[in-house]
Amino acid sequence: MKNYKKIIIANWKMQLDVNQSSKVAKATRKLLSNNKASRDIQVVICPSFLAMTEVAKVLKGSKIALGAQDSFYEERGAYTGEISVGELKKIGCQYVIVGHSERRQMGEIDEIVNKKVRAILSQGLVPIICVGETFDERREGNKDMVVMHQVYQALHNIEFDKKQKIIIAYEPVWVIGSGQVIDSQEAAHIASVIKQSMIDVFDGKDPAAYSIIYGGSVTPNTVADFTKLANMQGTLVGGASLEAKVFVEIIKNA
Ligand code: 13P
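The opening position of the sequence shown corresponds to residue 3 in my numbering, with each subsequent residue numbered one higher.
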């Protein structure tokens, strides 16, 4: 997998049906096809599971990569409703979001996140590990501790090789979908905290290649506040990725 300077990821959540997903993917591909500014940017689209095969067809032959919003940690068996990483890989999926706060709220605990990261890496895909504090945790002054703990729990006891790639997405829970972003100084600080946690969990050794990105109400007007930072490489975009024109503006401004 090529190493890009920046990465911009669309998380469509449960917002688009299969038809709409296909249409937005087509429009995004078309708008990006002649865009020089996006050459050094890896763009990833994470549709719903149901829309993934259609979107995979649309993206085939383009530089836009396909991602999933979740996956299970076992490869096969009696696991009703789950989707394995191996099956995702077969349809061309290269990235998997794991530990999104919306899933953590539904019971995805750190132990599950760790198992999923392990499964994703073992298939050669890239985990996009989401971390971030709630408003109460922040108000109580525990933001850094919460993020450090989540990074450690997601990655401990996993053997890495240097070819593997990890993305850590810092998404403050209270900012998601709020229209409000944190300021870039704070984002730079938390990126250093994440970097230190990675060094700690890897016992000071060189970890696998990793990128730190920001997510939470990113728009074309705010994306550069994060991508300009030396220690942040991109953004994870929810609402503003649902319309091709707006998403492509984000990519152009990144
Ligand atoms: P919004 O961009 O809609 O705030 O969503 C962010 C997010 O949760 C991406 O995973």
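Glycine included, C-beta positions come from ideal geometry on N, C-alpha and C.
Buried or exposed (CB count within 10 angstroms, at least 16 for buried), residue 52: Mapped onto the sequence shown, residue 52 falls at position 50. Answer is exposed; the Cβ neighbour count stays below 16.
Can you list, in chain order, the stretches of the beta strand (DSSP E) that have 3 or more residues and sit fully within the segment 34-80? 43-48 and 67-70
Just to check, is the beta-carbon of residue 219 closer than 7 angstroms to a non-hydrogen atom of the ligand 13P? For the purposes of this step, residue 219 is taken as the residue at position 217 of the sequence shown. Checking the Cβ of residue 219 against the ligand 13P gives yes.
Would you say residue 87 touches the ligand 13P, meaning its beta carbon is less than 7 angstroms from a heavy atom? For this step, residue 87 is matched to residue 85 along the sequence shown. Residue 87: no, Cβ never under 7 angstroms from the ligand 13P.
Kindly examine the ligand 13P and report whether one of its heavy atoms sits closer than 7 angstroms to the Cβ of residue 56. Indexing the sequence shown from 1 puts residue 56 at position 54. For the ligand 13P, not one heavy atom lies less than 7 angstroms from the Cβ of residue 56.
Restricting to runs no shorter than 4 residues, where is the alpha helix (DSSP H) found entirely within the segment 134-219? 137-141, 145-157 and 186-203
Sequence-distant residues of the same chain with beta carbon closer than 7 angstroms to residue 139, five excluded per side: The residue given as residue 139 occupies position 137 in the sequence shown. Here the set comprises 145 and 148.
How far does the beta strand (DSSP E) with residue 236 in it extend, from its first residue to its last? The residue labelled residue 236 in the question sits at position 234 within the sequence shown. It spans 236-239 - the beta strand (DSSP E) in which residue 236 sits, taken as one unbroken run.
May I ask you to check if the CB of residue 255 is nearer than 7 angstroms to at least one heavy atom of the ligand 13P? Taking the first residue of the sequence shown as 1, we reach residue 255 at position 253. Result no, Cβ not under 7 angstroms from the ligand 13P.
CB contact flag (residue 150, residue 195, <8 angstroms): Position 148 of the sequence shown, counted from the start, is the residue given in the question as residue 150. Position 193 of the sequence shown, counted from the start, is the residue given in the question as residue 195. Result yes, Cβ atoms of residue 150 and residue 195 sit closer than 8 angstroms.
From the DSSP output, in three-state form, read off residue 93 for me. Along the sequence shown, read from residue 1 onward, the residue named residue 93 stands at position 91. Three-state DSSP puts residue 93 in coil, outside helix and strand.
Where residue 185 falls, given that 16 or more other Cβ within 10 Å makes a residue buried: For the purposes of this step, residue 185 is taken as the residue at position 183 of the sequence shown. Looking at its Cβ environment, which holds fewer than 16 other Cβ atoms inside 10 Å, residue 185 is exposed.
Using beta-carbon positions only, say whether residue 242 and residue 253 come within less than 8 angstroms of one another. Translated into the one-based positions of the sequence shown, residue 242 becomes position 240. Translated into the one-based positions of the sequence shown, residue 253 becomes position 251. Cβ distance not < 8 angstroms, so residue 242 and residue 253 don't count as in contact.
DSSP three-state call for residue 257: helix, strand or coil? Not covered by the structure: residue 257. The range shown for the chain is 3 to 256.
By DSSP, does residue 12 sit in helix, in strand, or in coil? Here the question's residue 12 lines up with position 10 in the sequence shown. Residue 12: strand per DSSP, three-state reduction.
Measure how close the beta-carbons of residue 168 and residue 215 come, nearest whole angstrom, since I'm counting them as under 8 angstroms. On the sequence shown, residue 168 is found 166 positions in, with the first residue counted as 1. On the sequence shown, residue 215 is found 213 positions in, with the first residue counted as 1. Incorrect: roughly 11 angstroms between the Cβ atoms, too far for contact.
Please classify residue 3: does DSSP put it in a helix, a strand, or coil? Here the question's residue 3 lines up with position 1 in the sequence shown. Caution applies to residue 3, whose pLDDT of 49 falls short of 50 and renders its modelled position unreliable; the value that the coordinates give is listed next. It is coil, neither helix nor strand.
Are the beta-carbon atoms of residue 235 and residue 199 separated by less than 8 angstroms? Stepping through the sequence shown from its first residue, residue 235 is reached at position 233. Stepping through the sequence shown from its first residue, residue 199 is reached at position 197. No; because the gap between Cβ atoms is not below 8 angstroms, this pair is not in contact.
If you reduce the DSSP assignment to three classes, tell me which class residue 111 lands in. On the sequence shown, position 109 is the one that residue 111 refers to. In the structure shown, residue 111 sits in coil (DSSP, three-state: anything other than H, G, I, E or B).
Among 255, 238, 250 and 256, whose alpha-carbon lies nearest the alpha-carbon of residue 14? What you label residue 14 is simply residue 12 of the sequence shown in a count that begins at 1. Measuring from the Cα of residue 14, the nearest candidate turns out to be 238.
Please confirm if the segment 11-29 is in contact with the segment 218-226, defined as three or more CB-CB distances below 8 angstroms between the two stretches. no
What would DSSP say about residue 252, mapped onto helix, strand or coil? Locating residue 252 in the sequence shown gives position 250, where the first residue counts as 1. The answer is helix: DSSP assigns residue 252 an H, G or I state.
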